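Asks: Dropping a structure here in structure tokens format, bear with me for questions.
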Amino acid sequence: MDLQQRITAFARLGEYLRGFDKNKKFSVTNITSPAFQNLKNEVDSARLRNSWFVQENVENMLFSLGKSLELSKLEQWTSKYDLDKYDKHHVKTIAVIMAGNVPAVGFHDFLSVLISGNGILAKLSSDDDKLIPAIADLLLEIEAGFKGFIKFEKQKITGFDAVIATGSGNTARYFDYYFGKYPNIIRRNRNGIAVLNTTETKNDFEKLANDVFMYFGLGCRNVSKLFVPEGYDFTPMLDVFSKRIEIKNHSKYFNNYEYNKAIYLVNSRPHLDAGNLLLVEDESYASPVSVLYYEHYNDIMQLNKKILLDSQSIQCIVSNDKGVKSSFDFGQSQEPELWDYADGVDTLGFLLGID
1057 MDLQQRITAF ARLGEYLRGF DKNKKFSVTN ITSPAFQNLK NEVDSARLRN SWFVQENVEN
1117 MLFSLGKSLE LSKLEQWTSK YDLDKYDKHH VKTIAVIMAG NVPAVGFHDF LSVLISGNGI
1177 LAKLSSDDDK LIPAIADLLL EIEAGFKGFI KFEKQKITGF DAVIATGSGN TARYFDYYFG
1237 KYPNIIRRNR NGIAVLNTTE TKNDFEKLAN DVFMYFGLGC RNVSKLFVPE GYDFTPMLDV
1297 FSKRIEIKNH SKYFNNYEYN KAIYLVNSRP HLDAGNLLLV EDESYASPVS VLYYEHYNDI
1357 MQLNKKILLD SQSIQCIVSN DKGVKSSFDF GQSQEPELWD YADGVDTLGF LLGID
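Each residue of the sequence shown is one higher than the one before, counting from 1057 in my numbering.
If you want it as structure tokens, here you go:
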């Protein structure tokens, strides 16, 4: 396959995935596709295998992926690289070790490997071992030329040329030890942050709530910490957040909320309570499920310096303050473009640079 065939296939896949729009359920033209029906079945049953994967969240993720796979975006993304020249090189096998914290979180690596003309050897998380294979089956139905380029391995992975591995800080040390001799991208824990400045509107807080609550806060792009000016009034924000009452119906999330609340009460630790989320002052970036950390700042320039120094802990930033560098608008933390690489590492550039 040449580059244009690969782009066309993923653009077609995007049409299917955009069918998971909650406002236009399954609007793709060929819903009789067996592979698409299988993907739909996996979406419907995802919560039975992983209770964090509620149907609304899985569908939201697939729809978001579908939006990123528009033909114009795929062409814009790949145009920055000399992929046509790379097609003449020997195909590499790329081992991709995927996380399972949010649905189909390894898709961008899956896409990057295949769009570059390489083959993927994927090791799936036991927390999410059905969605990516179902997406792969749909891609193969769209373009049979990918056959032989996609393999899933349940046992020890062998016979690869490079590695992309995503995990926690602990697993990253394991990855460093075992895969350090190969060309690699090894990702560790990161979190999203929000910078507030008192000009936020109710609509801003509604969008920020998506950044905080989507996927129960388990994603590396979820906002887990706020930076706020001294004396910031949290009341308007918490009023908006408290209306997300449906999240309290999820037993695991609400158990975390009640547990953390009890700990803070027993330890007399100051906190604010939205009824579904706890707001706690803390210098850390990674907050527990159902907890949102905050820290005060006095000067936006000094905050930018701090963010730069702490960049290894930060995945993305949301803010309406134009003085905050490299930030997304509120509500956009879970809507990255194809060129918004995890950890700021150019995955496609890495793949094209493997000797």
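Cβ coordinates follow ideal geometry from the N, Cα and C atoms, glycine included. In this text the structure is predicted, and so the values were computed from the model without any measurement.
(1) Given 8 Å as the limit, is there contact between the stretch 1277-1292 and the stretch 1239-1254, that is, 3 or more CB pairs closer than that?
(2) Could you say which of Thr1214, Ser1172, Phe1310 and Asn1226 lies nearest to tryptophan 1108 if we only look at CA atoms?
(3) For alanine 1190, which residues from the same chain have a beta carbon less than 6 Å from its beta carbon, with the 5 sequence-adjacent residues on both sides left out?
(4) Sorted by chain position, which residues of the same chain lie with C-beta nearer than 6 Å to alanine 1221's C-beta, five sequence neighbours on each side aside?
(5) Name the DSSP beta bridge partners of proline 1285, please?
(6) Let me confirm a value: proline 1326 is counted as buried when at least 16 other C-beta atoms fall within 10 Å, else exposed. Which label applies?
(7) Quick check: what's the CA-CA separation for asparagine 1253 versus phenylalanine 1386?
(8) Please report the residue range of the beta strand (DSSP E) in which serine 1375 lies.
(9) Among the residues of its own chain, which have a CB less than 7 Å from the CB of lysine 1299, if the five just before and after it don't count?
(10) Report buried or exposed for leucine 1194, applying the criterion of at least 16 other Cβ atoms within 10 angstroms of its Cβ.
(11) CB histidine 1052 to CB glutamate 1286, shorter than 8 Å?
(12) Bridge partners for glycine 1075 per DSSP, in chain order?
(13) Regarding isoleucine 1191 and the ligand PLP, is the C-beta to nearest heavy atom distance less than 7 Å?
(14) Going by C-alpha distance, which of Gly1236, Leu1139, Leu1118 and Asn1113 is nearest isoleucine 1063?
(15) Around the C-beta of glutamate 1115, are 16 or more other C-beta atoms found within 10 angstroms, so that it is buried, or is it exposed?
(16) Suppose the cutoff is 7 Å on Cβ atoms and the five residues either side in sequence are ignored; what does the same chain contact list for serine 1375 look like?
(17) Report the partner residues of threonine 1222 according to the DSSP bridge assignment.
(18) Where DSSP assigns a beta bridge to valine 1114, which residues make up the other side?
(19) When you compare each of Val1336, Phe1066, Gly1215 and Glu1337 to isoleucine 1198 by their alpha carbons, which one comes out closest?
(20) Is the CB-CB distance between proline 1159 and aspartate 1185 below 8 Å?
Replies: According to the data block:
(1) yes
(2) Phe1310
(3) Asn1094, Leu1095 and Glu1098
(4) Ile1153, Phe1231 and Ile1242
(5) Tyr1353
(6) exposed
(7) 13 Å
(8) 1370-1375
(9) none
(10) buried
(11) No answer is possible for residue 1052: it lies beyond the span of the chain, which begins at 1057 and ends at 1411.
(12) DSSP, once it has assigned bridges, lists no residue as partnering glycine 1075.
(13) This structure does not include the ligand PLP; it has no bound ligands of any sort.
(14) Leu1139
(15) buried
(16) Ala1250, Val1251 and Ser1383
(17) Arg1243
(18) Valine 1114 pairs with nothing; no bridge assigned.
(19) Phe1066
(20) no
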